[in-house]
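**Student:**
In the numbering used here, the protein residues as written are 244 to 637.
This is the structure we're talking about:
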């Protein structure tokens, strides 16, 4: 059995609400034994948690709440402790290190070189380009140039590069990625996770307090997630309810805005584990995928929530435009439009007849099965790890 060390500060077990990409993929590998080193705080809530999943090694990290200084502190603490965990390994074949922040991959590269293992870099967000796009970093500043150098250093030294979406290849090859060792392993979901034996939709709706047509947004509540655009849409489409499920740095402000502006058709709920999320989504009527319009999104995206909605059989309403149209089409599973189109998209979904909704659901099932299921993604990952290990041995 080959050994792979997975470094991702924000990886979560399935018992937590949030991103479970890594356990979903690595738990399906054949011939590989993973150890996922993660911080012991949920990235979205910043609350500490524990797990009995033996594939996880949690390390203590301070909270990120408190601004840029606090975030940097927790990154450094995590990387130091992750390096210690990596050095403990006797026989290590691959170190798989994941962004978004680049200190984790830098730690992964150092551990891999020290242990004589292959280094696989996973890019889940384009740093520092995302910072620039969000006006959090000035282009060509000293810090920007330093992060650009670090990004190029890691990309050019990886035995294999894994990305989550098409569209980033020009950027990454321009800074040193080798297309022969460049792999797109998309986000996705496992449709079987949303098949619930004996599911009683009306009982679940009653449990959740859902009475009218309900549009759900399930995901991070951060600056890039279009939360204000959802609140705007709720004001324009008052005859349906909106359920926002998740946590993040702007959630408190969003709740306060709803209170001050009297937006009474929006309810906020905390994140829920994957098994509970499946029940919640199936009790709703429309899945909202919203983003704040940022230039970096035009290069490509692979949003987990989109695939969860499809697996739950929900019509999609997205304001992400071209990047999402490339994934699911413009009107094949709902409505995809520009940044200001959420009200129009919601009206389109509400007014659709039964035949159209059935066709959307069937098409969504086909898209998931063909392109975005976890089993196929895990098979891709297995190939990548085997290639990296073989290349390193040679």
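We put the CB at the ideal spot given by N, CA and C, even for glycine.
1. Is residue 545 near residue 520, with beta carbons less than 9 Å apart?
2. Along the alpha helix (DSSP H) that carries residue 387, what are the first and last residues, could you check?
3. Compute the Euclidean distance between the alpha carbons of residue 304 and residue 595, then round it to the nearest angstrom.
4. Just reading off the alpha helix (DSSP H) that residue 407 is part of, what are its end residues?
5. Can you tell me which of 312, 246, 488 and 301 puts its alpha carbon nearest to the alpha carbon of residue 325?
6. I'd like the list of long-range same chain contacts for residue 439, defined as Cβ closer than 8 Å, with 5 residues on each side in sequence excluded.
7. Quick one, which of 330, 357 and 390 has its alpha-carbon nearest residue 342's?
8. What's the C-alpha gap between residue 495 and residue 339?
9. Between the C-alpha atoms of residue 455 and residue 529, what's the straight-line distance to the nearest angstrom?
10. Considering only DSSP beta bridges, list what residue 245 is partnered with.
11. What is the C-beta distance between residue 632 and residue 354, in whole angstroms, given that I count them as a contact (C-beta under 8 Å)?
12. For the beta strand (DSSP E) that contains residue 559, what are its first and last residues?
13. Figure out for me which residue from 274, 462 and 346 has the closest Cα to the Cα of residue 244.
14. Taking only three categories from DSSP, how would you classify residue 571?
15. Could you name the residues that DSSP lists as bridge partners for residue 372?
16. Let me know if residue 507 comes out buried or exposed under the rule of 16 or more other beta-carbons within 10 Å of its beta-carbon.
**Tutor:** If we stick to the structure as given:
1. no
2. 385-400
3. 48 Å
4. First-last for residue 407: undefined, no H or E at that position.
5. 301
6. 521, 522 and 525
7. 390
8. 34 Å
9. 12 Å
10. 275
11. Not really, about 15 Å apart at Cβ, beyond 8 Å.
12. 559-561
13. 274
14. helix
15. According to DSSP, residue 372 bridges with nothing at all.
16. exposed
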